[in-house]
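Novice: Below are the structure tokens for one structure; questions will follow.
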Amino acid sequence: TTATPFTSVGFREIAIECLKYFRCITGTQKKVLALDCDNTLWGGLVGEVGYEGIQLNPYGFPSGGHLELQRLAVSLCRRGILIVLVSKNEPSNVWSVFEHRPEMLLLKEHIVTARINWERKSENLISLSKELNLGLESFIFVDDQLAEVEEVRRFCPDVDTLHLTDDILKDINRIISTSGWFESLTITNVDRSRTQIYQSDVSRNEVRSSAVTLDSYLREIEMELTFFIDDKIDIERASQMCRRTNQFNLTNKRHNSADIEKFIKSPNASVI
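In the working numbering, each residue carries its 1-based index in the sequence shown increased by 611.
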């Protein structure tokens, strides 16, 4: 007999890396990180202790873990992952933390949109899914309260959830990394500006809700459409869209960069 070259731990690590790759090529990676606030982004209940009293000490625990989660969220935002807030709170209390606590790493500019109210969190996630025009299967929901996590699991089974216990908070970077939820084969300029793109979409939707007619709405937002054909195509971005987008994919085929380059060079095809 021949001994296997890896231990069971080695095989597990190989399997984890394969899972990340398969998520990328099948377009099943996550697109939205939905975060609770109290005892998730910071220590303490802002409604009880005010923005001055919440814990954001980088050298202590658990507040150091909360800041590490913020650092991770900022990193994901820069890679094109959308960050949203889902918190049972008064909006003014939550935003006062962002405005008045300089220790905050996650800033208001990193957040696409938020649901800060007293509604069920499953209802808020459904509302966010509609606003962002992304399926619930694209969401990861993080909360320190098991009751809130279980409520989301019950009423939004397509949403993946993470119950933020102290043990998970201590190891948050490794847990998110090994999950493969947010892996990407490439990061494009569109990814880097995705938060701003979606923030603009949210603003346009607000304009639309206040517009008298559809025609007046379309005139007000002054939207322009640009076509890129063949050699002017951003091949990496086009390949990424093939892997990640389902809404207009009529064949469910996932074309990589080499496939698209062949289409561009072929006299029998055009890429638009």
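We put the beta carbon where it would ideally sit given N, CA and C, even for glycine.
Being a predicted model, the structure only gives us computed values, none of them experimental.
For C629, count neighbouring C-beta atoms within 10 Å of its own C-beta (all shown protein chains included) and say buried if the count is 16 or more, exposed if not.
Specialist: C629 should be labelled exposed.
Novice: Spell out the partners DSSP gives I727 in its beta bridges.
Specialist: Paired residue(s): S698.
Novice: Exposed or buried, R726, counting other C-beta atoms within 10 Å across all chains shown (16 or more means buried)?
Specialist: Classification for R726: buried.
Novice: Mind checking P669: buried by the 16 CB within 10 Å criterion, or exposed?
Specialist: Exposed, since its Cβ has fewer than 16 Cβ neighbours within 10 Å.
Novice: Assuming contact is defined by CB atoms lying nearer than 9 Å, are L652 and V708 in contact in what I supplied?
Specialist: Contact: yes.
Novice: Using CA atoms only, rank isn't needed, just tell me which of V695, A880, G621 is closest to Y809.
Specialist: It is V695.
Novice: Take the Cβ of H677 as the centre, count every other Cβ of all protein chains shown within 10 Å, and call the residue buried at 16 or more, exposed below.
Specialist: Per the 10 Å Cβ criterion, buried.
Novice: Out of D802, D755, V643, T837, state which residue places its alpha-carbon closest to the alpha-carbon of I783.
Specialist: Nearest C-alpha to I783: D755.
Novice: If distances are taken between C-alpha atoms only, which option among T837, I844, R815 comes closest to R830?
Specialist: Checking every option, the nearest Cα to that of R830 belongs to R815.
Novice: Which ranges would you report for the beta strand (DSSP E) in the segment 641-688 if only whole runs of at least 3 residues count?
Specialist: Fully enclosed beta strand (DSSP E) runs of 3 or longer: 643-646.
Novice: When you compare each of N650, H721, Q640, E742 to T789 by their alpha carbons, which one comes out closest?
Specialist: The shortest C-alpha separation from T789 is found at Q640.
Novice: So for I783, helix, strand or coil by DSSP?
Specialist: Looking at I783 - three-state DSSP - the assignment turns out to be helix.
Novice: Taking only three categories from DSSP, how would you classify D778?
Specialist: The answer is helix: DSSP assigns D778 an H, G or I state.
Novice: Buried or exposed for Q807, please, with buried defined as at least 16 other CB atoms from any protein chain shown within 10 angstroms of its CB.
Specialist: So Q807 counts as exposed.
Novice: Is the number of C-beta pairs between the segment 825-841 and the segment 853-864 that are closer than 8 Å three or more?
Specialist: Touching, no.
Novice: Considering only the beta carbon of each residue, do L646 and V697 sit closer than 9 Å?
Specialist: Against a cut-off of 9 Å, the Cβ pair of V697 and L646 comes out as a contact.
Novice: Excluding five sequence neighbours on each side, which residues of the same chain lie with their C-beta closer than 6 Å to the C-beta of D771?
Specialist: Taken in chain order, the residues that qualify are I751.
Novice: In whole angstroms, what is the alpha-carbon distance linking V882 and R848?
Specialist: The alpha-carbon atoms of V882 and R848 are separated by roughly 13 Å.
Novice: Going by beta-carbon coordinates alone, are K642 and S749 separated by less than 9 Å?
Specialist: In this structure, S749 lies closer than 9 Å to K642 by Cβ.
Novice: From F617 to A626, what does the alpha carbon distance come to, in whole angstroms?
Specialist: Their backbone Cα atoms lie some 12 Å apart in a straight line.
Novice: Using the beta-carbon count (16 or more within 10 Å), is W729 buried or exposed?
Specialist: With fewer than 16 other Cβ atoms within 10 Å, it is exposed.
Novice: Note the first and the last residue of the continuous beta strand (DSSP E) segment covering I692.
Specialist: Here I692 belongs to no beta strand (DSSP E), and DSSP marks it neither H nor E.
Novice: Just grab the DSSP bridge partners of D754 for me.
Specialist: DSSP, once it has assigned bridges, lists H774 as partnering D754.
Novice: Can you tell which of L825, I875, T824 has the C-alpha that lies nearest to the C-alpha of I844?
Specialist: When only C-alpha atoms are compared, the closest one is I875.
Novice: From Q666, A684, C648, L667, pick the residue whose C-alpha is nearest to that of W706; which is it?
Specialist: Nearest C-alpha to W706: C648.
Novice: Apply the 10 Å Cβ neighbour rule to A684 and answer buried if 16 or more other Cβ atoms are within range, or exposed otherwise.
Specialist: Classification for A684: buried.
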